[in-house]
Structures are given as structure tokens and as C-alpha cells.
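Enquirer:
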Amino acid sequence: MKPLEQFRLINTEIKQYEEALAVLYWDLRTGAPRKGMDTRTQVIGTLSAEMFARSTSQQLGALLTELESEEVWSELSPLDQSLVKESRLDYDRSVKIPPALYQQYVILTAQAESKWEICKEENDYESFQPLLDQIITITNEMIDLWGVKASRYDTLLDQYEPGMTVAQLDHIFGDLRDQLVPLAEKIAASPHQPRTDFLQQGFDVEQQKAYSKFILEQMGFDFEAGRLDESVHPFATGLNPGDVRITTRYLPNDVTSALFGTIHEGGHAMYEQNIGAELIGTTLCTGTSMGIHESQSRFWENVIGRSRPFWNAYYEELQSKFPQLASIDMDTFYRGNNVVNPSLIRIEADELTYNLHIIIRYEIEKMIFNEGLQAKDLPRVWNEKYEQYLGVTPPNNAEGVLQDVHWSGGAFGYFPSYSLGNMYAAQFMNTLEQQMPDVWAKVEAGDLHPIKDWLTERIYQYGKMKSPSELVQEITNEPLNPQYLVEYLKEKYTDIYRLEEV
Ligand code: CO
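Numbering that gives the first Met the number 0 numbers the first residue of the sequence shown as 0 and each following residue consecutively.
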């Protein structure tokens with residue numbers, strides 16, 4: 000067998016292990032019985048170890064070196080070149096971690112995720128803290144093995160958003176905070192506060208399910224290549240473009256949680272469903288970074304899903320499912336869904352203060368890895384920062400430091416992706432409006448497919464073939480620019496809160 004064929008075979012095997020593991024995780028998070036979890040985490044540990052062995056084998060290392068040699072490299076297709084590059088990055092990162100340590104990490108984080116769910120439910124940070132301590136310790140060991148970049152936290156950040164640094168983010172987030180805080184203050188001072196009372200009342204869960212399905216179909220989610228389930232913490236997992244699974248959660252007293260949660264995960268799913276066929280079965284068959292992934296979920300959830308034209312198109316159908324909304328006109332509904340209100344829970348936050356939730360987590364993660372902040376001190380620091388940035392104090396840890404699943408899974412460095420996603424999304428929308436001047440008329444007519452096609456052509460189809468910075472530069476003709484998000488938010492809330500009058 001030629002080196003390229005051998006390499007492609009190993010790469011496909013790695014991808015297949017990933018898919019098998021993703022099914023197991025999906026199952027764990029969507030109602031697998033608790034008593035089976037200990038055994039299940041062992042299974043995950045064994046399979047991960049197998050995958051890890053393949054990703055770090057000497058054979059793979061030798062093949063990569065051979066494929067990178069000048070005469071072979073120049074013969075490779077662009078796809079194979081991308082695959083070799085991506086594989087090299089992954090190999091160099093993985094080969095530095097001893098297999099036993101990796102397996103320990105996988106089992107620990109799988110246990111911690113299950114434990115987190117229980118501890119959050121029971122508001123029990125103390126029982127969760129030892130696991131979190133262990134995860135931080137192992138992560139620190141791994142940072143040493145990977146090699147410290149500009150700072151320890153830089154090493155983690157780079158894994159979710161290749162090329163992003165603490166120096167850049169300090170600048171971007173500082174900029175964002177300095178412009179968003181005064182905007183939030185102006186909004187709070189406006190006498191034109193939207194009504195929201197009608198959003199919190201009984202909403203039949205079966206009807207919520209039906210509407211979620213309806214909206215996904217409108218967006219272009221392919222139900223023959225995916226499914227919608229329920230979980231405590233909504234998520235999306237792309238097994239392959241033909242099997243992309245998302246979850247949402249239905250609250251009997253709040254229609255917006257499932258509604259916008261579904262649109263958000265639907266955005267992630269559409270990315271995964273529309274990756275080019277030639278990438279299927281390779282490790283390039285996934286989103287290029289967490290930030291770009293979040294740009295797609297948040298583009299659909301906020302830029303499109305919380306827009307006036309969107310509800311002009313779809314509010315009638317919602318009213319037909321929920322007669323209690325009959326007396327609420329579209330404008331009241333639209334404004335109610337765009338209320339700005341500093342709150343405790345990130346996933347329920349509005350588009351503006353959401354970014355402050357992220358800045359808090361970013362600063363805490365930096366403190367953990369760059370300043371040695373310990374798990375026992377997290378609730379205190381968390382509450383202080385919420386008071387400082389949002390003016391709210393969590394009444395308990397369940398609504399404070401325990402609210403997110405990420406740290407239990409070891410995903411330190413992930414949170415900034417959400418705000419990066421907001422920024423990328425606003426920047427993409429700016430370009431889309433220029434290239435498709437009637438885009439909002441299309442939305443208003445309930446014709447979302449041209450948007451899906453636009454995103455597929457420029458983003459979805461490439462999977463991991465292009466880096467985040469390449470994509471942004473190629474699509475928008477400039478690097479990431481937070482000003483688009485600021486302008487977008489200013490324009491939107493000036494209208495909703497009639498800020499010219501304030
Ligand atoms: Co998301």
C-alpha cells in the first residue's frame with residue numbers, strides 16, 4: 000500500500016473511533032440510567048485509549064514525515080494536504096501525552112460530567128469540588144507536556160480557537176466591555192422597557208416539541224440526517240453529515256428556552272450536516288473551530304431567530320400552537336424576546352449581557368491557570384465577579400458556579416468561543432447583507448434556504464479545511480473585528496428601547 004493510502008486508512012479509523020465515542024457520550028447525556036454510568040465510563044476509557052494509540056502510533060508519525068517530504072507533498076491534492084497538516088498538529092499534540100495519563104483524564108472527566116449533573120441538581124458544590132481539583136491538576140500536567148505558550152492559559156485557548164491568544168482576547172474583550180457596559184446602562188435607563196410577563200406562563204410541552212420541529216424544518220435542518228432529543232444541557236453532536244443529533248430542553252412555564260435553544264443547536268447541526276461529501280470519513284469532517292461553530296449557532300439563534308422579520312414570518316404559527324399568545328401582538332412578542340436584563344444564567348442571557356457572562360468565565364479561567372486559583376475559591380470569585388459585572392449575586396451555587404457543564408468535561412478555554420461566535424456572526428451578517436441586499440425580505444417571506452445556501456457555500460462545506468482566520472478574511476475581506484457586533488447591538492437596541500429619545 001502506498002503511504003497516502005495507509006495514512007488515509009489510519010485517519011479514517013481514528014474518525015470511526017471518534018464517531019463511536021460520540022454515540023456513547025450522546026447516550027450518556029440523553030437519559031442513560033445512572034446505575035450504568037460507572038461501567039459506561041470504563042468503556043469510554045478503553046475506546047478512547049484505543050483511539051489515542053492510533054493517533055500517536057510510530058507508524059502514523061513515520062507516514063506523516065514521508066508525506067511531508069517535498070516530492071510527495073507536491074503530488075498531494077489540496078484536501079490531502081489539509082488532512083496531513085491537521086493530522087500533524089493533532090499528532091504532535093497527542094504524542095506528548097502519556098497514554099495512561101490520557102485514559103485517566105478521559106475517565107475522570109466522564110465521571111465528573113455525570114457527577115456534575117447530580118451536584119447541580121442538589122446544589123452541592125462540595126461534592127463536586129474534589130473532582131474539579133483533579134481535573135485542574137491533570138490539565139496543568141498536560142499544559143506542561145504540551146508546552147507553555149505565551150501563558151499557561153494560551154496553551155488551552157489555542158486548542159479551541161487556533162491562533163487566538165490571551166493578548167488578543169484581553170484587547171478584544173476589553174474593547175467589547177467598554178462599549179457594551181454603557182449601552183446596557185442606557186438600556187436600563189430607558190422608560191420603554193419591553194413586556195415579558197406573557198413569556199412565563201404555561202406552555203404545553205407537546206406543542207413546544209411540535210413547534211421546535213417546525214422551526215428546524217424551516218431553517219433547513221434535515222431530519223433524515225439528524226434527530227432532536229432532550230437533555231438537561233442542550234448540545235449538538237455531529238457523528239457524520241448523515242447523522243447529526245441535537246437536544247433541547249422543554250420548560251412547562253417558559254416557551255423561549257426550548258425555542259431559542261433549538262434554533263441555536265440547529266445552527267450547529269446545519270454546519271455539520273452540510274460539510275462537503277469529499278471530507279466524510281476524514282478528521283477534517285467537522286467544524287473548523289469552536290468559535291466558528293458558535294458563530295453558526297448564534298447567527299441562527301440571535302441574528303436571524305431574534306429578528307423582527309423572522310417573527311413576521313413565524314409568529315402566526317406560534318400563536319396557532321399557543322392560544323394564550325392570541326392577545327399579544329408581534330411587536331410585543333419581538334421586543335419581549337429581546338429584553339436586556341442582567342441575570343444569573345448564561346444560557347438564558349440576552350445577546351448583550353451574554354458577553355459579560357463570557358468575560359467573567361474567561362477571567363476566572365485565566366486566574367486558575369495563570370495565577371493558581373483553586374477550586375475551593377471558585378464560588379467566592381464567581382459571585383464577586385457577577386456582582387461586579389452584572390450587579391447580581393447568585394443565591395446558591397447551582398445558579399452560580401455549578402451552572403455550566405464545561406469545566407466538568409475539562410473544557411477550559413472553550414468559553415471565549417461563545418463571544419467570538421457572536422463577533423464572527425455579526426461580521427458575517429454584515430457581508431451577507433451586502434451580497435444579498437434582499438436577505439431580510441427573504442426572511443420575512445419565510446424563505447430561509449438562500450441563507451443556508453450562502454453559509455454552505457462559504458463556510459459549511461469546508462469543514463476543517465480552512466482555519467478560522469482564513470474563513471473570516473476570505474468571506475469578509477478583513478480579520479475579526481468586534482466593531483460589527485457593537486454596531487449590530489447598538490442598532491437593534493436603539494430601535495427596541497427607543498434610545499434616541501433617552
Ligand atoms: Co453552542
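Glycine residues also receive a C-beta, built at the ideal position from the N, C-alpha and C atoms.
Computed from a prediction, not measured in an experiment: that's the story for all the values here.
So, helix, strand or coil for E121, using DSSP?
Expert: Coil at E121, not helix or strand.
Enquirer: Fully enclosed by the region 133 to 195, which alpha helix (DSSP H) runs are 4 residues long or longer?
Expert: Qualifying alpha helix (DSSP H) stretches, in chain order: 151 to 159, 165 to 188.
Enquirer: Could you give the DSSP three-state label for A31: helix, strand or coil?
Expert: Correct three-state label for A31: coil.
Enquirer: Would you check if the distance between the CB atom of T40 and the CB atom of Q110 is smaller than 8 Å?
Expert: In contact: T40 and Q110 (Cβ atoms closer than 8 Å).
Enquirer: How is the alpha helix (DSSP H) around L88 delimited, first residue to last?
Expert: It spans 77 to 93 - the alpha helix (DSSP H) in which L88 sits, taken as one unbroken run.
Enquirer: Run through DSSP, which three-state label would D203 get?
Expert: Residue state, collapsed to three classes: coil.
Enquirer: Just to confirm, is the Cβ distance from V339 to I186 under 8 Å?
Expert: Yes, these two residues count as a Cβ contact at 8 Å.
Enquirer: Can I458 and L470 be called in contact, C-beta distance under 8 Å?
Expert: Result yes, Cβ atoms of I458 and L470 sit closer than 8 Å.
Enquirer: Which residue comes first and which comes last in the beta strand (DSSP E) that contains L283?
Expert: Neither: L283 is in no beta strand (DSSP E) and is coded neither H nor E.
Enquirer: State yes or no: is the C-beta of I358 within less than 8 Å of the C-beta of Y388?
Expert: Contact: yes.
Enquirer: Quick one: residues in its chain with C-beta nearer than 6 Å to the C-beta of V442, no 5 flanking neighbours on either side, listed in chain order?
Expert: If we look at V442 and ignore the five residues flanking it on each side, its Cβ neighbours are P308, F309.
Enquirer: Based on the DSSP output, what are the partners of E229 in its beta bridges?
Expert: Partner(s): T247.
Enquirer: Under three-state DSSP, which class holds L63?
Expert: In the structure shown, L63 sits in a helix (DSSP, three-state: H, G or I).
Enquirer: I363 and I135 look like a contact to me (Cβ under 8 Å); what is the Cβ gap, rounded to whole Å?
Expert: Contact doesn't hold; Cβ gap of about 12 Å is too wide.
Enquirer: Does the Cβ-Cβ distance between G436 and S288 come in under 8 Å?
Expert: A small correction: the amino acid at residue 436 is Pro; Gly does not occupy that position in the sequence shown. No; because the gap between Cβ atoms is not below 8 Å, this pair is not in contact.
Enquirer: Helix or strand or just coil, what does DSSP make of T108?
Expert: Looking at T108 - three-state DSSP - the assignment turns out to be helix.
Enquirer: Going along the chain, which residues put their C-beta within less than 6 Å of some heavy atom in the ligand CO?
Expert: With the cut-off at 6 Å, the residues found are H263, H267, E293, S296.
Enquirer: Keeping to the same chain, check which residues put their C-beta closer than 6 Å to that of S407; ignore five residues upstream and five downstream.
Expert: Hits under 6 Å: A111, E112, W115.
Enquirer: Have a look at G280 and L82 and give me their C-alpha separation to the nearest angstrom.
Expert: In a straight line, the C-alpha of G280 is about 11 Å away from that of L82.
Enquirer: Can you give the Cα-Cα distance for Q167 and E70, rounded to whole angstroms?
Expert: Roughly 38 Å separates the two Cα atoms.
Enquirer: Using 10 angstroms around the beta-carbon of A149, count the other beta-carbons present and answer buried if the total reaches 16, otherwise exposed.
Expert: Exposed.
Enquirer: Which residues does DSSP list as the beta-bridge partners of G237?
Expert: BP columns for G237 point to V243.
Enquirer: Can you grab the Cα-Cα spacing for the pair Q272 / I262, in whole Å?
Expert: If you take the alpha carbons of Q272 and I262, they lie about 15 Å apart.
Enquirer: Taking Cβ positions, are L155 and I137 nearer each other than 8 Å?
Expert: No.
Enquirer: Ends of the alpha helix (DSSP H) at A268?
Expert: From DSSP, the alpha helix (DSSP H) with A268 extends over 254 to 272.
Enquirer: Taking H232 as the reference, give the member of I346, L175, Q434 with the closest Cα.
Expert: When each option's Cα is compared against that of H232, the closest is I346.
Enquirer: Classify Q295: buried if its beta carbon has 16 or more other beta carbons within 10 angstroms, exposed otherwise.
Expert: Buried.
Enquirer: Let me know the secondary structure DSSP gives V71 once reduced to three states.
Expert: Helix, per DSSP.
Enquirer: Is A99 near the ligand NAD, with its Cβ less than 7 Å from a heavy atom?
Expert: This structure lacks the ligand NAD; the ligands present are the ligand CO.
Enquirer: Looking at the structure shown, is S306 part of a helix, part of a strand, or coil, going by DSSP?
Expert: Here S306 sits in coil by DSSP.
Enquirer: Check the C-beta distance from T377 over to V400 and give it rounded, since I have them as a contact under 8 Å.
Expert: The question names Thr, but residue 377 is Leu in the sequence shown. Contact flag correct, Cβ pair sits at about 5 Å.
Enquirer: Between the C-alpha atoms of L27 and G201, what's the straight-line distance to the nearest angstrom?
Expert: Going by the C-alpha atoms only, they are around 30 Å apart.
Enquirer: Reducing DSSP to helix, strand and coil, say where K208 ends up.
Expert: Of the three classes helix, strand and coil, the one that applies to K208 here is helix, per DSSP.
Enquirer: Okay, do the region 318 to 332 and the region 290 to 304 touch, 3+ Cβ pairs below 8 Å being the bar?
Expert: No, they do not touch.
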